[in-house]
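Colleague:
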Amino acid sequence: MNARVDTSVLTHLSNQHLDALEEETIFILREVAAAFERPALLFSGGKDSLVMLRCAEKAFGAGRIPYPLLMIDTGHNFPEVTDFRDQRAGELGAELIVRSVEDSMARGTVRLAHPGESRNVHQSVTLLEAIEEFRFDALIGGARRDEEKARAKERIFSHRDGFGQWQPKAQRPELWTLFNTRIAPGEHFRVFPISNWTELDVWQYIDREAIALPSIYYTHKREVVERRGLLVPVTPLTPPKDGEQIVVRDVRFRTVGDITCTCPVESDAATAADIVLETLAAEVSERGATRMDDKTSDASMEKRKKDGYF
Numbered sequence: 001m002n003a004r005v006d007t008s009v010l011t012h013l014s015n016q017h018l019d020a021l022e023e024e025t026i027f028i029l030r031e032v033a034a035a036f037e038r039p040a041l042l043f044s045g046g047k048d049s050l051v052m053l054r055c056a057e058k059a060f061g062a063g064r065i066p067y068p069l070l071m072i073d074t075g076h077n078f079p080e081v082t083d084f085r086d087q088r089a090g091e092l093g094a095e096l097i098v099r100s101v102e103d104s105m106a107r108g109t110v111r112l113a114h115p116g117e118s119r120n121v122h123q124s125v126t127l128l129e130a131i132e133e134f135r136f137d138a139l140i141g142g143a144r145r146d147e148e149k150a151r152a153k154e155r156i157f158s159h160r161d162g163f164g165q166w167q168p169k170a171q172r173p174e175l176w177t178l179f180n181t182r183i184a185p186g187e188h189f190r191v192f193p194i195s196n197w198t199e200l201d202v203w204q205y206i207d208r209e210a211i212a213l214p215s216i217y218y219t220h221k222r223e224v225v226e227r228r229g230l231l232v233p234v235t236p237l238t239p240p241k242d243g244e245q246i247v248v249r250d251v252r253f254r255t256v257g258d259i260t261c262t263c264p265v266e267s268d269a270a271t272a273a274d275i276v277l278e279t280l281a282a283e284v285s286e287r288g289a290t291r292m293d294d295k296t297s298d299a300s301m302e303k304r305k306k307d308g309y310f
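Using the UniProt record's numbering, read the sequence shown as starting at 1 and increasing by one per residue.
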């Protein structure tokens with residue numbers, strides 16, 4: 001990730017396409033507000049959900065977002081991100097609903113195979129419980145098609161059956177930006193307004209709009225160990241294994257999630273413009289470069305989506 005592009009590239013790099021992407025996202029956010037009775041916006045405090053929030057502010061006006069923000073918390077999230085989540089929701093005056101995997105564990109609906117198992121995959125259970133609790137009929141998420149193979153298959157309006165499951169062969173066509181929003185009782189939609197954005201688009205937009213992000217998205221020094229081609233952060237939840245050497249590196253996170261499965265990349269990028277340059281040189285998607293849970297198999301994400309994952 002340390003490969004650099006000549007900074008003069010920024011002078012010639014156009015961002016005019018961002019206007020079209022922003023316009024599409026605003027249209028989708030308004031469509032959700034018009035078509036559904038009880039939508040919610042999935043908000044982790046990460047860069048993609050913060051981009052969606054900026055578009056929502058433009059769609060409805062500051063302080064007037066017509067649906068609550070929903071966070072499914074594993075209890076193992078980076079504190080820099082959850083603190084920023086709370087701060088940003090407060091600034092917007094938005095309703096923030098947080099539901100925890102730990103609560104599902106206490107109810108017995110989530111059972112870990114062993115104490116050290118990642119809770120990331122179990123978010124599906126807590127999410128489906130939140131959907132039932134609040135009777136949400138649409139959840140707006142920040143997934144993008146360039147992130148991962150299963151997400152590339154996703155419709156913008158992704159139909160989920162009465163069990164909250166994604167059936168790839170049952171997805172509806174979306175011709176000429178016409179969205180079929182009809183659902184039967186108990187069904188719901190996952191809606192992805194930034195599906196057509198790339199990681200580069202997101203960072204160009206963050207740079208253009210001067211969107212504030214959690215500090216871990218930018219370069220900082222962190223203790224890590226090298227494992228399976230990734231830099232694993234050294235934390236109480238992810239201690240070094242026998243024989244692993246702890247080193248201090250200048251790193252940043254390309255994506256944020258559960259501590260137990262999210263890794264940083266080596267980087268000295270201190271601004272959004274710096275990250276635009278790094279992204280131009282990147283050869284691996286952000287999830288491929290940073291997520292341990294996606295490396296279990298090529299079909300791991302698709303299986304989780306069929307089980308009700310984001």
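Glycine residues also receive a C-beta, built at the ideal position from the N, C-alpha and C atoms. Note that the coordinates shown come from a computational prediction; the quantities given were computed from them, not determined experimentally.
With burial defined as no fewer than 16 other Cβ atoms inside 10 Å of the residue's Cβ, what is the status of Lys47: buried or exposed?
Modeller: Per the 10 Å Cβ criterion, buried.
Colleague: Can you confirm whether Asn77, when its beta carbon is compared against all beta carbons of chain C, has any partner nearer than 9 Å?
Modeller: The displayed structure is made up of one protein chain only, and chain C is not part of it.
Colleague: Assuming Val256 and Val81 make a contact with CB atoms under 8 Å, what is their CB distance in whole Å?
Modeller: With a Cβ gap of about 5 Å, Val256 and Val81 count as contacting.
Colleague: Sort Gly75, Thr181, Ser49 by Cα distance to Arg160 and report the nearest one.
Modeller: Ranking the options by Cα distance to Arg160, first place goes to Thr181.
Colleague: Taking 6 Å as the limit between beta carbons, can you name the residues of its chain near Arg30, skipping five residues before and five after?
Modeller: Around Arg30: Ala59.
Colleague: Quick check: Ala34 and Pro68, are their CB atoms within less than 9 Å of each other?
Modeller: No, these two residues do not count as a Cβ contact at 9 Å.
Colleague: DSSP three-state call for Leu69: helix, strand or coil?
Modeller: Leu69 falls in the strand class under three-state DSSP.
Colleague: Considering Cα atoms alone, identify which of Val234, Ser215, Ser14, Glu133 is closest to Pro79.
Modeller: Out of Val234, Ser215, Ser14, Glu133, Ser215 has the C-alpha closest to the C-alpha of Pro79.
Colleague: Could you check what DSSP says for Ser14 in three-state terms: helix, strand or coil?
Modeller: Residue state, collapsed to three classes: coil.
Colleague: To which residues of the same chain is His188 closer than 8 Å at the C-beta, ignoring the five residues directly before and after it?
Modeller: Ile131, Phe136, Asp137, Ala138, Leu139, Arg160, Gly164, listed in sequence order.
Colleague: The alpha helix (DSSP H) with Pro79 in it runs from where to where?
Modeller: Pro79 -> alpha helix (DSSP H) spans 79 to 92.
Colleague: Exposed or buried, Ala106, counting other C-beta atoms within 10 Å across all chains shown (16 or more means buried)?
Modeller: Exposed, because fewer than 16 other Cβ atoms sit within 10 Å of the Cβ of Ala106.
Colleague: If you draw a straight line from the C-alpha of Thr271 to the C-alpha of Tyr218, how long is it?
Modeller: Going by the C-alpha atoms only, they are around 7 Å apart.
Colleague: Would Ile246 and Val225 qualify as a contact pair, given that the criterion is a beta-carbon distance under 9 Å?
Modeller: For Ile246 and Val225, yes; Cβs fall inside 9 Å.
Colleague: Give me the Cβ distance between Val51 and Ile206, rounded to the nearest whole Å; I'm assuming they're in contact under 8 Å.
Modeller: Right, the Cβ-Cβ distance comes to about 7 Å (below 8 Å), so this counts as a contact.
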